[in-house]
């Protein structure tokens, strides 16, 4: 399926509702991966590059209807949120299902150019969403890493990617566990706990999810604020998971 167009990623920024103000106030001011994945499940995203307006082209952030009957739409049947701060479920999901959207503290990432990054302290403030696409071990250093696709363009890092140190545990110091004292900047909601535990380098284990049943549908258009339509399945591909993941990364991380 390839990547969703830039305009359809912008559509997510404009259209995903955030009534509880979890992780921000919606639009360019933040949301959560789960809200974006729920929107895709209910409404889908057109595979055409036809979204008009948007925050990058002078739009006011108002969601614009773009679907027409018979138009191909990328949709999902749901999404899976993995257990917070657990290593094995994330490893299994990336290895067997495909890319996963994860939330991280990217405060120190601006100057990253190459190599395995290990510069985050154990206490991390989650403030960015990215796409976890794989894992491995560096041949020169022997350091285990997560391979992550960022939303800052191909000129950043290793062709748009960062390799983040991967710990072999999700407990205590061995799991690089700490506390996020400002959860509203990441995935927290007003009235929620003032602190949340985070594990893994830059808090990478703290919040992760991925869409399920990704396919392309040709069916009735879904209204931006209503339930999603049905339609005949044309094709299915794990590439769709990466498309949705990158779109969610754009929603949570790109505009910030």
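Residue numbers (my numbering): 848 to 1103. The C-beta atom is built at its ideal place from N, Cα and C for all residues, glycine as well.
Point to revise | Other residues of its chain near residue 1060: CB distance less than 7 Å, five sequence neighbours each side excluded | key: 923, 924 and 925
Point to revise | Which residues DSSP lists as bridging residue 976, in chain order | key: In the DSSP secondary-structure assignment, residue 976 is bridged to 950.
Point to revise | residue 994: first and last residue of the uninterrupted beta strand (DSSP E) it sits in | key: 991-996
Exercise for review: Alpha carbon to alpha carbon, how far is residue 1012 from residue 964? Give it in angstroms, no decimals.
Suggested key: 6 Å
Point to revise | Which of helix, strand or coil DSSP assigns to residue 1057 | key: Residue state, collapsed to three classes: strand.
Exercise for review: Let me know if residue 1015 comes out buried or exposed under the rule of 16 or more other beta-carbons within 10 Å of its beta-carbon.
Suggested key: exposed
Review point. According to the Cβ coordinates, are residue 1026 and residue 973 closer than 9 Å?
Key: no
Review point. Out of curiosity, what's the CA-to-CA distance linking residue 1068 and residue 891?
Key: Residue confidence is low: residue 1068 scores 43 on pLDDT, short of 50, so the model does not pin down where it sits. Its coordinate-derived value is still stated next. Whole-angstrom Cα-Cα distance: 9 Å.
Check your understanding: Looking only at C-alpha atoms, which of 867, 883 and 870 sits nearest to residue 858?
Key -> 883
Exercise for review: Kindly identify the DSSP beta-bridge partner or partners of residue 1043.
Suggested key: 1027
Check your understanding: If we count the other Cβ atoms within 10 Å of its Cβ and call it buried at 16 or more, is residue 879 buried or exposed?
Key -> buried
Exercise for review: Decide if residue 938 is buried, meaning its Cβ has at least 16 other Cβ atoms within 10 Å, or exposed.
Suggested key: exposed
Check your understanding: Of the choices 941, 1051, 1046 and 969, whose alpha-carbon is the least far from that of residue 1018?
Key -> 1046
**Study point:** residue 890 - containing beta strand (DSSP E), residue span
**Key:** Element bounds for residue 890: not the beta strand (DSSP E) but the alpha helix (DSSP H), 880-890.
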